[in-house]
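Taking it in order: structure first as structure tokens, then the write-up.
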């Protein structure tokens, strides 16, 4: 995998520097060579032409042998400003210009090409082709102006190229910054999208077409992914809801099946016990009636009758749970009256630490039920709530309100109109294991002798017999919420 | 094992020959103006010589002369440029090109070796050229007109 620790800006600058480090020395060298060649060529051309002219002058003009005129001609070489040294050797006789500077003399070395030698004078020696004369003219020319020109041109080239490199570097840095800024901004946005901010738009805010197109493509991709993500989340939530509903229904079904089996068993046993209790009570009552008032056995018989009656009450509750008891008189009923009656009763019975709140909302829809059973159901639920708050105190809320179920909520409840009876307490609540068994007959969390464990079983039996629905929600330490949904009568008739 | 160093004689001999030949032309030698031994030419003025080598028509004794440029030696070429045509190489080449393009003049023939040049000069009485004095002295069919340059 390629290294990614070098950013675009640094990479471009480094590549630019490398290219210029390679090319600039070559360009510099070429320019310097061209400058030098041009300058030296101009110098050489000039001094050769000038020297040839002087030599031609000596060949053409009759000055050889005339020391005075020869000196004047040599002086003119200096006076024109072209040469710095002039001398003529004619048949062994040497004549020099009186204007020759003191530090310069011909040493016998002729120059054939320009060199940057410290010796600052370029010497040309030309033979004079004249009959009767073995002569040559020796001329010296100052190289320093040309050397200065070359040096100045070199400095200027270096300055220009250095400035060019610096300017190019600055332009590269600015350009790269201009290019990478929208990319960095786009990268930040992309990272924020990746970290969960799916609604953040990916935009580069740039005039660079490629970056703008890239941002537009990424934004289109983001929008597409967000849409897909939202769809997946919705599907997932729906699946979870369906799964939870299915789980609740399965749990509810298992509980109902278990309670059904228990009801069948308990109902059978209760019938048998009831059948046994009837003759016991009849015969005990007959014997009691036959005994004289002062018979010592009367108290024993009265004890038998009291115990039998208590057993009959238990049997009655068990039969209620198992729905094998007569469910009473079914009629269109307004639940307000029996519920308010129970609330009044419990306000009187509840200890001071428990407050009883009635909460009746909306128009009360009639239901098909028996007032006695509704009374018994409400009593049992409120008793249960009081027991839960007995130690700590709290609030018992008895609510009654119409409710329209959608088929989705509450779970397991068919769509339609209902009257909801709600008993809430702020007691110790229940864990799930307890909640799973609360409707079983004789199941209780109270101490022995404090309850029969038939209260909620009776509630369950009544709810089932009235085709109502019972929902329980409880959290340990927070309290319990019982909701009984009675189908509205108008729905039933419809 | 001890290696025995042997000196290969051939490279050293070649280097020695080169050094000696360089010294022979660089030190104490002269550049002379030459023509064929049968040439009727006895003198050429400096101005005429410049004209000849710059491609102008030069007639001597009713005969048009031909220039042969000796390019066998770079030092010799520099001496020619400075003492004969008195131009820089660039300007001289430019002048020749200008003359060739404008006037279709016959430019100096160039020779890259002394032998070929001297043969050409010896065979053509109208040809004028220049060479190291030592080289010209070895040929009896070549005549020296005058010294153009000396050390």
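Chains as they are written, first to last, in this note's numbering: chain A, 11 to 504; chain B, 449 to 599. All C-beta atoms, glycine included, are put in the ideal place defined by N, C-alpha and C. Predicted, not measured: the structure shown is a model, and the values here were computed from it.
Neighbour flag for residue i against chain A, beta carbons, 7 Å
i                      : result
residue 531 of chain B : yes
residue 593 of chain B : no
residue 583 of chain B : no
residue 536 of chain B : yes
residue 499 of chain B : no
residue 553 of chain B : no
residue 526 of chain B : yes
residue 494 of chain B : yes
residue 511 of chain B : no
residue 483 of chain B : no
residue 507 of chain B : no
residue 480 of chain B : no
residue 569 of chain B : no
residue 587 of chain B : no
Cβ shell of residue i (< 6 Å), same chain only, five flanking positions each side left out
i                      : result
residue 474 of chain B : Low confidence applies to residue 474 of chain B: its pLDDT is 46, below 50, so where it sits in the model is not reliable, and the reading given next is rough at best. Result list for residue 474 of chain B: empty, nothing under 6 Å.
residue 153 of chain A : 130, 132
residue 135 of chain A : 120, 146, 148
residue 82 of chain A  : none
residue 555 of chain B : 503, 544, 548
residue 514 of chain B : 574, 575
residue 613 of chain B : Absent from the model: residue 613 of chain B. The displayed extent of chain B is 449 to 599, so no value can be given.
Residues near residue i in its chain [Cβ-Cβ closer than 7 Å; skip 5 each side]
i                      : result
residue 425 of chain A : 415, 416, 417
residue 476 of chain B : 599
residue 297 of chain A : 311
residue 139 of chain A : 69
residue 500 of chain B : 506, 513, 515, 576
residue 394 of chain A : 465, 466
residue 423 of chain A : 415, 479, 495
With 16 other Cβ atoms within 10 Å as the buried cut-off, status of residue i
i                      : result
residue 438 of chain A : buried
residue 490 of chain A : buried
residue 39 of chain A  : exposed
residue 467 of chain B : Low per-residue confidence applies at residue 467 of chain B: pLDDT is 46, beneath 50, and the placement is therefore not dependable, though the value from the model is reported in the following sentence. With fewer than 16 other Cβ atoms within 10 Å, it is exposed.
residue 430 of chain A : buried
residue 470 of chain A : buried
residue 251 of chain A : exposed
residue 562 of chain B : buried
residue 486 of chain B : exposed
residue 125 of chain A : exposed
residue 435 of chain A : buried
residue 107 of chain A : buried
residue 137 of chain A : buried
residue 477 of chain A : exposed
residue 248 of chain A : exposed
residue 331 of chain A : buried
residue 392 of chain A : buried
residue 277 of chain A : buried
residue 586 of chain B : exposed
residue 144 of chain A : exposed
residue 469 of chain B : Unreliable placement is indicated for residue 469 of chain B, whose pLDDT of 46 sits below 50; the coordinate value is still reported in the next sentence. Exposed: under 16 other Cβ atoms inside 10 Å.
Interface flag, residue i vs chain B, CB-CB below 7 Å
i                      : result
residue 97 of chain A  : no
residue 94 of chain A  : no
residue 151 of chain A : no
residue 215 of chain A : no
residue 219 of chain A : no
residue 55 of chain A  : yes
residue 126 of chain A : no
Contact set for residue i: own chain, Cβ-Cβ below 8 Å, skip 5 residues either direction
i                      : result
residue 357 of chain A : 366
residue 565 of chain B : 516, 518, 520, 559, 577, 579
residue 536 of chain B : 529
residue 199 of chain A : 210, 211, 212, 213
residue 498 of chain A : 375, 376, 377, 412, 426, 427, 428, 429
residue 4 of chain A   : With chain A running from 11 to 504 in the structure shown, residue 4 of chain A is simply not present.
residue 290 of chain A : 314, 318
Beta bridge counterpart(s) of residue i as assigned by DSSP
i                      : result
residue 374 of chain A : Answer is none; residue 374 of chain A lacks a bridge partner.
residue 404 of chain A : A/364
residue 288 of chain A : Per DSSP, none; premise fails for residue 288 of chain A.
residue 343 of chain A : A/377
residue 497 of chain A : A/428
residue 552 of chain B : Partner(s): none; residue 552 of chain B has no beta bridge.
So, do the region 216-230 of chain A and the region 45-53 of chain A have three or more beta carbon pairs nearer to each other than 8 Å?
-> no
Under 8 Å, with one C-beta from each stretch per pair, do the region 21-35 of chain A and the region 178-187 of chain A reach the 3-pair mark? yes
Do the region 481-495 of chain A and the region 439-450 of chain A touch if we need at least three Cβ pairs shorter than 8 Å?
yes
Check: Pairing CB atoms from the region 316-326 of chain A with CB atoms from the region 278-292 of chain A, are three or more of them under 8 Å?
Finding: yes
If contact is defined by three or more beta carbon pairs under 8 Å, each pair taking one atom from either stretch, is the region 290-304 of chain A in contact with the region 338-351 of chain A? no
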